[in-house]
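Engineer: Numbering (my numbering), first residue to last: 2 to 450.
By construction, the Cβ of each residue, glycine as well, lies at the ideal position given by its N, Cα and C atoms.
This is the structure, below, for whatever I ask next.
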Amino acid sequence: MERRRVRPVKEGKRGRGPVLYWMQREQRVRENWALYFASVLARESDVPLYVCFNLVPDFLGALPRAYLFMLEGLREVEGELAELHIPFVLLRGQPKDTIPDLARDLEASVVVTDFNPLNIVRAWKKEVLQRLTATVFEVDARNIVPVWVTSSKKEYGAFTIRRKIHRHLPECLGEFPKLGKQPYLGRTHRTCDWEKLFAELFPEHPKLPCTPGYAAGMRALREFLEERLPHYAKQRNDPTVLATSLLSPYLHFGQISAQKVALEALKFREKYPESVDAFLEQLIVRRELAENFCTYEEHYDTPSGFPRWAQETLKAHRNDHRPYLYTLEELEHAKTHDPLWNAAQRELLLAGRIHNYVRMYWAKKILEWSENEEEALRRAIDLNDRYALDGRDPNGYTGIAWAIGGVHDRPFPERRIFGKIRSMTLEQCARKFSVERYIARVEELSKDS
Ligand SMILES: Cc1cc2nc3c(=O)[nH]c(=O)nc-3n(C[C@H](O)[C@H](O)[C@H](O)COP(=O)(O)OP(=O)(O)OC[C@H]3O[C@@H](n4cnc5c(N)ncnc54)[C@H](O)[C@@H]3O)c2cc1C
Numbered sequence: 002m003e004r005r006r007v008r009p010v011k012e013g014k015r016g017r018g019p020v021l022y023w024m025q026r027e028q029r030v031r032e033n034w035a036l037y038f039a040s041v042l043a044r045e046s047d048v049p050l051y052v053c054f055n056l057v058p059d060f061l062g063a064l065p066r067a068y069l070f071m072l073e074g075l076r077e078v079e080g081e082l083a084e085l086h087i088p089f090v091l092l093r094g095q096p097k098d099t100i101p102d103l104a105r106d107l108e109a110s111v112v113v114t115d116f117n118p119l120n121i122v123r124a125w126k127k128e129v130l131q132r133l134t135a136t137v138f139e140v141d142a143r144n145i146v147p148v149w150v151t152s153s154k155k156e157y158g159a160f161t162i163r164r165k166i167h168r169h170l171p172e173c174l175g176e177f178p179k180l181g182k183q184p185y186l187g188r189t190h191r192t193c194d195w196e197k198l199f200a201e202l203f204p205e206h207p208k209l210p211c212t213p214g215y216a217a218g219m220r221a222l223r224e225f226l227e228e229r230l231p232h233y234a235k236q237r238n239d240p241t242v243l244a245t246s247l248l249s250p251y252l253h254f255g256q257i258s259a260q261k262v263a264l265e266a267l268k269f270r271e272k273y274p275e276s277v278d279a280f281l282e283q284l285i286v287r288r289e290l291a292e293n294f295c296t297y298e299e300h301y302d303t304p305s306g307f308p309r310w311a312q313e314t315l316k317a318h319r320n321d322h323r324p325y326l327y328t329l330e331e332l333e334h335a336k337t338h339d340p341l342w343n344a345a346q347r348e349l350l351l352a353g354r355i356h357n358y359v360r361m362y363w364a365k366k367i368l369e370w371s372e373n374e375e376e377a378l379r380r381a382i383d384l385n386d387r388y389a390l391d392g393r394d395p396n397g398y399t400g401i402a403w404a405i406g407g408v409h410d411r412p413f414p415e416r417r418i419f420g421k422i423r424s425m426t427l428e429q430c431a432r433k434f435s436v437e438r439y440i441a442r443v444e445e446l447s448k449d450s
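Here it is, written out as structure tokens:
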């Protein structure tokens, strides 16, 4: 294992107690470097390994369907861990209370946890660290090249980060070791009553747009590689054709590993070199650029995180006449004058996703139809975080900051409202794909729901 994936975040007492892995973002058993590191520590010290997950009552406005998707995945995690003799503890409450309490109850000697750049999670971690007495390690099991290995600063764009990532890929993009059965069993094994939990949290059992969990995620990957990958390079920007992987919800919840996805995609490189390279550019470079942005820019969700030129141009165009101004409710319920935008918003409501190309248009129009960039950013984040299954993710904050605030982009010729921010129009979209066909596809979704 690449040891630079791990960094100590607290030097505490190293007793003889078990190792506790606080699973947070990497919600899987296989191909999970953080769990693997925790299991190695436990074996080296001849102590049991425990895994816990803390369920908070609200996470950035996520809808019940996002909770259901996540908890179904965690139910699968518990089963797989049991086969490896690793007890899984589902905690409920605020991490600052639940994690230190569990670590104390277990007399844990070491706590291992996932790296996560989001401010809310950093704040939890800070509070947890203050109350823990054990030694704590953080592992970046999300990025193929750990975010702190790629770069120690905020990168300008794909063109600066690409070579930094590629330089480290040979040593980081390797096969995963197998996680064997743990030889030492823990003294308690509090199993979770999933049926009771689901009945309590989801009395109306929300409909899920795709099956959750590791097994389903790997099936989705196989389907993509065998059926759609050949068309990826040419058709990934056409929302009327199903050419992309649809893996973002699985990647977001850590139900599958991006490194595993990349290794599987590389097996097709000889057959479809152009498509595999285009896919890896998104999966590795664009995704890890978003991680870099949220790691090194604490204002990733406000206009203070925009580049200076973008802040200035948006300020200069604040008082431009805006022919259409919509309320958040009108946007939320897809009640604008623009049929393409309404279809995109309806796709978000119904399926919890928007195709990447239309997603750019969707966010840019929110800028055009809001009082100013602050309001636009807030609204786009609110809708994306609430309704997108893959929302509440560095990719989301970065994608929205790109669309509204020119992050990782360059200045364009100046125009109304947008200033020098790249704009997108209905006419441009109509030249790229059949808007009517896209709208008809979304209509089909509403018939299914
Ligand atoms: C306004 C806006 C909001 C976005 N919000 C989110 C979000 O909340 N969550 C999210 O995961 N992605 C977000 N994206 C990025 C992108 O839209 C999705 O990752 C992609 O559409 C997911 O579909 P897919 O898995 O079929 O992608 P594929 O094309 O198959 O790509 C494979 C994987 O690469 C990564 N990826 C693809 N495109 C991008 C990109 N532009 N930036 C960073 N990573 C990328 C994703 O992890 C994706 O699953 C946003 C983009 C924009 C412009």
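For K208, which residues of its own chain have a beta-carbon under 8 Å away from its beta-carbon, when the five flanking residues on both sides are left out?
Structural biologist: Closer than 8 Å at the Cβ level, and outside the excluded window around K208, lie R66, S450.
Engineer: Check each candidate in D410, Q429, R423, K433 and name the one with the smallest Cα separation from F160.
Structural biologist: Out of D410, Q429, R423, K433, D410 has the C-alpha closest to the C-alpha of F160.
Engineer: Taking a contact to mean a Cβ-Cβ separation below 8 Å, would you say R288 touches N396 in this structure?
Structural biologist: A contact, by the Cβ cut-off of 8 Å.
Engineer: Along the chain, which unbroken stretches of the alpha helix (DSSP H) at least 4 residues long are found entirely within the region 96-138?
Structural biologist: The region 96-138 contains these whole alpha helix (DSSP H) runs: 96-107, 120-132.
Engineer: Please report the straight-line C-alpha distance between E437 and E428, rounded to a whole angstrom.
Structural biologist: Looking at the two C-alpha atoms, the distance is approximately 12 Å.
Engineer: Which of the three DSSP states, helix, strand or coil, is assigned to C193?
Structural biologist: Residue state, collapsed to three classes: coil.
Engineer: Considering Cα atoms alone, identify which of Q95, T426, V277, E108 is closest to G18.
Structural biologist: If we check each option's Cα against that of G18, E108 comes out closest.
Engineer: Check M24 in the structure and name its three-state DSSP category.
Structural biologist: M24 falls in the strand class under three-state DSSP.
Engineer: Are V113 and F294 touching if we call contact CB-CB under 8 Å?
Structural biologist: For V113 and F294, no; Cβs fall outside 8 Å.
Engineer: Would the region 136-145 and the region 46-58 be scored as touching if the rule is three or more Cβ pairs under 8 Å?
Structural biologist: Touching, no.
Engineer: Taking DSSP's pairing of strands, which residues face C53 in a bridge?
Structural biologist: Paired residues: W23, V90.
Engineer: Given a cut-off of 8 Å on the beta-carbon distance, is the pair V129 and P147 in contact?
Structural biologist: It is not a contact, given that the beta carbons lie outside the stated cut-off.
Engineer: Could you pull the DSSP bridge partners for P9 from this structure?
Structural biologist: Paired residues: F138.
Engineer: On a CA-only basis, which of E84, P171, I162 is nearest Y185? Give me that one, please.
Structural biologist: Y185 has its Cα closest to that of E84, out of E84, P171, I162.
Engineer: Look at the alpha carbon of E282 and the alpha carbon of S276, and state the distance between them as a whole number of angstroms.
Structural biologist: Cα to Cα, E282 sits roughly 10 Å from S276.
Engineer: How is F416 classed by DSSP in three states: helix, strand or coil?
Structural biologist: Reading the sequence as shown, one finds Arg at residue 416 and not Phe. It is a strand residue.
Engineer: Do three or more CB pairs link the region 232-240 to the region 258-268 at distances below 8 Å?
Structural biologist: Contact fails: fewer than three Cβ-Cβ distances are below 8 Å.
Engineer: Report back the beta-carbon spacing between F54 and L82 to the nearest angstrom; my notes put them in contact at under 8 Å.
Structural biologist: So it is not a contact: roughly 11 Å between Cβ atoms.
Engineer: Within its chain, find whatever has a CB closer than 7 Å to the CB of Q312; leave out the 5 residues flanking it on each side and keep chain order.
Structural biologist: So the list reads P304, once near-sequence residues are dropped.
Engineer: Thinking C-beta only, is G420 closer than 8 Å to H318?
Structural biologist: Closer than 8 Å, so yes.
Engineer: List the whole-angstrom C-beta distance separating R393 from A63, where the pair is believed to meet the contact cut-off of C-beta under 8 Å.
Structural biologist: With a Cβ gap of about 6 Å, R393 and A63 count as contacting.
Engineer: Give the secondary structure of R14 by DSSP, where H, G and I count as helix, E and B as strand, and everything else as coil.
Structural biologist: Residue 14 is actually Lys in this sequence, not Arg. Residue state, collapsed to three classes: strand.
Engineer: Cβ of S246 versus every heavy atom of ligand 1: is any distance shorter than 7 Å?
Structural biologist: For ligand 1, at least one heavy atom lies less than 7 Å from the Cβ of S246.
Engineer: Cβ-heavy atom distance between R31 and ligand 1 below 7 Å?
Structural biologist: No - ligand 1 has no heavy atom lying nearer than 7 Å to the Cβ of R31.
Engineer: Name the two residues that bound the continuous alpha helix (DSSP H) containing K433.
Structural biologist: K433 -> alpha helix (DSSP H) spans 427-433.
Engineer: When DSSP labels each residue in this structure, what does Q312 get in the three-state scheme?
Structural biologist: Helix.
Engineer: In angstroms with no decimal places, state the Cα-to-Cα distance between L462 and V41.
Structural biologist: It is not possible to answer for residue 462, since the shown part of the chain is limited to 2 through 450.
Engineer: What are the start and end residues of each continuous alpha helix (DSSP H) run of 4 or more residues lying completely inside the region 267-298, in chain order?
Structural biologist: Runs of the alpha helix (DSSP H) inside the region 267-298: 274-281, 288-297.
Engineer: Would you kindly work out how many angstroms separate the C-alpha atoms of R442 and I87, rounded to a whole number?
Structural biologist: Taking the straight line from one Cα to the other gives about 45 Å.
Engineer: Compute the minimum distance between the beta carbon of A364 and the heavy atoms of ligand 1, and state whether it is under 7 Å.
Structural biologist: Indeed, a heavy atom of ligand 1 lies less than 7 Å from the Cβ.
Engineer: Taking 7 Å as the cut-off, is the C-beta of Q131 nearer than that to any heavy atom in ligand 2?
Structural biologist: Questions concerning ligand 2 fall outside what the structure shown contains, since the ligands it does hold are ligand 1.
Engineer: Measuring CA to CA, which of M361, L390, Y439, W370 is closest to A402?
Structural biologist: When only C-alpha atoms are compared, the closest one is M361.
Engineer: For G80, is the classification buried or exposed, using 16 other Cβ atoms within 10 angstroms of its Cβ as the cut-off for buried?
Structural biologist: Exposed, since its Cβ has fewer than 16 Cβ neighbours within 10 Å.
Engineer: Tell me which residues share the same chain as E73 and place their Cβ nearer than 7 Å to its Cβ, disregarding the 5 neighbours each side in the sequence.
Structural biologist: Excluding residues within five positions, the ones whose Cβ falls inside 7 Å are P213, G214.
Engineer: Taking three-plus beta-carbon pairs below 8 Å as touching, is the region 171-181 in contact with the region 338-355?
Structural biologist: Taking 8 Å as the limit for Cβ pairs, the verdict is that the region 338-355 does not touch the region 171-181.
Engineer: What is the DSSP secondary structure of H409, counted as helix, strand or coil?
Structural biologist: Coil.
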